[in-house]
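In this note's numbering, each residue carries its 1-based index in the sequence shown increased by 12.
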Amino acid sequence: YGPDHPDTLECMSSLAAAYQAAGKLDRALPLYEETLEKRRAKLGHKHVDTLISVSHLARCYQVAGKADRALPLHKEAAERTRERLGSDHLRTLTCMNNLGACYLAAGQGELAIPILEETLQKRKAQLGPDHPDTLASMNNRASAYRSARKLDRAVQLCEDALKVLRPKLGQDHPSTIKVLANLAAFYQMAGKSAK
Numbered sequence: 013y014g015p016d017h018p019d020t021l022e023c024m025s026s027l028a029a030a031y032q033a034a035g036k037l038d039r040a041l042p043l044y045e046e047t048l049e050k051r052r053a054k055l056g057h058k059h060v061d062t063l064i065s066v067s068h069l070a071r072c073y074q075v076a077g078k079a080d081r082a083l084p085l086h087k088e089a090a091e092r093t094r095e096r097l098g099s100d101h102l103r104t105l106t107c108m109n110n111l112g113a114c115y116l117a118a119g120q121g122e123l124a125i126p127i128l129e130e131t132l133q134k135r136k137a138q139l140g141p142d143h144p145d146t147l148a149s150m151n152n153r154a155s156a157y158r159s160a161r162k163l164d165r166a167v168q169l170c171e172d173a174l175k176v177l178r179p180k181l182g183q184d185h186p187s188t189i190k191v192l193a194n195l196a197a198f199y200q201m202a203g204k205s206a207k
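This is the structure in structure tokens:
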């Protein structure tokens, strides 16, 4: 099909995702970068496939510990996806959640909180309180509160998430364990080591 065909670019993106999943970020990043460059040239900056590439590259940079490179891409993905698909679209909410998580990774919890609050509110309304994406938003928001030293709110969010996770997924599910670990850390930070 040629190097710029949409199917070729989709294969490049899938291969980059496979490298990322295998921990081979040195192989994933150049593929994501090339895919984004070609999609921007062929499809424009606002095309959904281009925005997906922006988001994928941003997440890979973030996983690689390059929040300074990830943050502008997460901002672009969130803003353009909101413009293209609307503020309540599930893809927009995913981009917003990723942006908030990147602010957290960059040590900017104050900027993360309003984004993660909005994302959580909209995900609860659309997906329900016990959907995995809603619970992920709760966990991210709790981490943002911890970063901003609002430990009481962080603890409350984790406790609320556990009320849903334990009966739905069980005590030994990775998501339950992740929230339990966060809750334990929040208790310790709040001086409640006995809990």
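The C-beta atom is built at its ideal place from N, Cα and C for all residues, glycine as well.
Any C-beta of chain B under 9 angstroms from that of residue i
i      : result
Tyr157 : Going by chain labels, chain B is absent from the structure shown, which holds only one protein chain.
As assigned by DSSP and simplified to three states, the class of residue i
i      : result
Gly112 : helix
Arg52  : helix
Ser99  : coil
Pro144 : helix
Asp264 : The structure shown does not extend to residue 264, since the chain is modelled only from 13 to 207, so the question has no answer here.
Ser65  : helix
Gln32  : helix
Ala160 : coil
Asp80  : helix
Gly121 : helix
Ala154 : helix
Asp38  : helix
Ala197 : helix
Check whether residue i and residue j have beta carbons under 9 angstroms apart
i      : j      : result
Thr188 : Leu174 : yes
His17  : Thr47  : no
Ala154 : Phe198 : yes
Cys114 : Ala148 : no
Leu132 : Thr146 : yes
Leu195 : Glu171 : yes
Lys58  : Arg92  : yes
Of the listed residues the options, nearest to residue i (C-alpha basis)
i      : options                       : result
Arg39  : Arg52, Ala76, Arg51           : Ala76
Gly121 : Asp184, Asn152, Gln138        : Asn152
Cys72  : Ala166, Asp184, Asp172, Lys36 : Lys36
Check: residue i C-beta below 8 angstroms from any heavy atom of the ligand SAH
i      : result
Arg158 : This structure simply doesn't include the ligand SAH, nor any ligand for that matter.
Checklist entry - Do the region 79–86 and the region 102–114 make contact, defined as three or more Cβ pairs closer than 8 angstroms? => result Yes, they touch.
Next on the checklist: Closer than 8 angstroms is the cut-off here; do at least three beta carbon pairs connect the region 95–102 with the region 58–75?
Outcome noted: The answer is yes - the region 58–75 touches the region 95–102, with three or more Cβ pairs under 8 angstroms.
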